[in-house]
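Written out below as structure tokens is the structure these notes cover.
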């Protein structure tokens, strides 16, 4: 019988959504990141430093290549990014607001990521911010992002928020409080449409992507399971003068599933409009 270490949220979906072996996981991540087209990485540099990204959260065999497309360029910022604010939807436990854990670190097969306790304390007074270990215990939407982050960044602390019933404005208020500078990266975890036939999913997801790139914060939960945190980011991005760029858009029918009922995956990067590129 295994016992979790007090204060550490153990990996819940290692061995299912991604490999449970550290060496196998590291190898899979390296292949996914290395397979990202060089042109995408070059364009990311030309477009400027990402302040925020949206990445999918299915099993790596399904959505890993799409997630890798938006994570690979972050390697160039590995010495700069020191804090990751990570938001994803709750799938198993209903919660009102945005839920923090009581843990002080999250574990994956690649090691532990310490939580940014000062940043967490800075949002604790907001009425929409709650503490719920139950919301985090089995939640995959946040966990599957961590091995990518552990691979492309050097050292960073984490602010993990499981988003339940909340408004886009409430999410945006939390993002505003945690915005920081170049040391802070915002990551929104969301898949797109669910269980549509391939052709319909492609049309639906293309339309959703157009709304996201336009910073139109009216995405619904049929378009994206992480619609609430996505909409919150879109509001904040508009306020801060960020532009959104579609990095990759595919579905499970393109990667590892049949095409009768697919799940859509999108990767997006958000950069300042007036970034000076040298």
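Residue numbers (the working numbering): 10 to 287.
Glycine is no exception: its CB is placed at the ideal position from the N, C-alpha and C atoms.
Cβ-Cβ separation, residue j to residue i (assumed contact under 8 Å), whole Å
{"i": "residue 220", "j": "residue 209", "result": "That pair is no contact at about 17 Å."}
{"i": "residue 17", "j": "residue 182", "result": "At roughly 29 Å, the Cβ-Cβ gap does not stay under 8 Å, so residue 17 and residue 182 are not in contact."}
{"i": "residue 200", "j": "residue 74", "result": "With 8 Å as the limit, residue 200 and residue 74 do not qualify as a contact, their Cβ atoms being about 14 Å apart."}
{"i": "residue 256", "j": "residue 276", "result": "4 Å"}
{"i": "residue 274", "j": "residue 81", "result": "The pair is not a contact, with the Cβ atoms about 15 Å apart (cut-off 8 Å)."}
{"i": "residue 184", "j": "residue 60", "result": "The pair is not a contact, with the Cβ atoms about 10 Å apart (cut-off 8 Å)."}
{"i": "residue 21", "j": "residue 119", "result": "Rounded, the Cβ-Cβ distance is 15 Å, inconsistent with contact."}
{"i": "residue 160", "j": "residue 42", "result": "7 Å"}
{"i": "residue 27", "j": "residue 71", "result": "That belief does not hold up - the Cβ atoms of residue 27 and residue 71 are roughly 11 Å apart, past 8 Å."}
Proximity of residue i and residue j at Cβ, strictly below 8 Å
{"i": "residue 124", "j": "residue 113", "result": "yes"}
{"i": "residue 83", "j": "residue 169", "result": "no"}
{"i": "residue 93", "j": "residue 194", "result": "yes"}
{"i": "residue 117", "j": "residue 155", "result": "yes"}
{"i": "residue 237", "j": "residue 136", "result": "no"}
{"i": "residue 197", "j": "residue 153", "result": "no"}
{"i": "residue 35", "j": "residue 29", "result": "no"}
{"i": "residue 77", "j": "residue 37", "result": "no"}
{"i": "residue 91", "j": "residue 157", "result": "no"}
{"i": "residue 106", "j": "residue 175", "result": "yes"}
{"i": "residue 233", "j": "residue 213", "result": "no"}
Residues near residue i in its chain [Cβ-Cβ closer than 6 Å; skip 5 each side]
{"i": "residue 284", "result": "Interpretation of residue 284 is limited by its pLDDT of 48, a score under 50 that renders its predicted location unreliable; the figure taken from the coordinates is listed afterwards. So the list reads 57, once near-sequence residues are dropped."}
{"i": "residue 203", "result": "272"}
{"i": "residue 150", "result": "66, 97, 98 and 198"}
{"i": "residue 230", "result": "236"}
{"i": "residue 89", "result": "191"}
Cutoff 8 Å; reference residue i; Cβ partners in own chain excluding five residues on either side
{"i": "residue 206", "result": "268, 269, 270 and 271"}
{"i": "residue 141", "result": "102, 104, 108, 109, 110 and 171"}
{"i": "residue 281", "result": "57, 58, 60, 249, 250, 251 and 252"}
{"i": "residue 177", "result": "226, 237, 240, 241, 243 and 244"}
Residue i - DSSP class collapsed to helix/strand/coil
{"i": "residue 220", "result": "helix"}
{"i": "residue 89", "result": "coil"}
{"i": "residue 176", "result": "coil"}
{"i": "residue 182", "result": "helix"}
{"i": "residue 247", "result": "helix"}
{"i": "residue 228", "result": "coil"}
{"i": "residue 137", "result": "coil"}
{"i": "residue 110", "result": "coil"}
{"i": "residue 193", "result": "strand"}
{"i": "residue 202", "result": "coil"}
{"i": "residue 104", "result": "coil"}
{"i": "residue 264", "result": "helix"}
{"i": "residue 122", "result": "strand"}
{"i": "residue 26", "result": "coil"}
{"i": "residue 97", "result": "strand"}
{"i": "residue 167", "result": "strand"}
Cβ-heavy atom distance, residue i to the ligand NAP, below 7 Å
{"i": "residue 91", "result": "The model on display carries no ligand, and the ligand NAP is accordingly not part of it."}
Spatial neighbours of residue i in its chain, beta-carbon cut-off 7 Å, leaving aside the 5 residues before and after
{"i": "residue 253", "result": "221, 222, 224, 246, 277 and 279"}
{"i": "residue 128", "result": "92, 168 and 187"}
Problem set entry | Three CB pairs or more closer than 8 Å across the stretch 139–146 and the stretch 179–190 | At 8 Å Cβ cutoff, the stretches do not touch.
Problem set entry | Inter-stretch contact at 8 Å, needing at least 3 Cβ pairs: the stretch 224–244 / the stretch 255–266 | Result no; under three Cβ-Cβ pairs closer than 8 Å.
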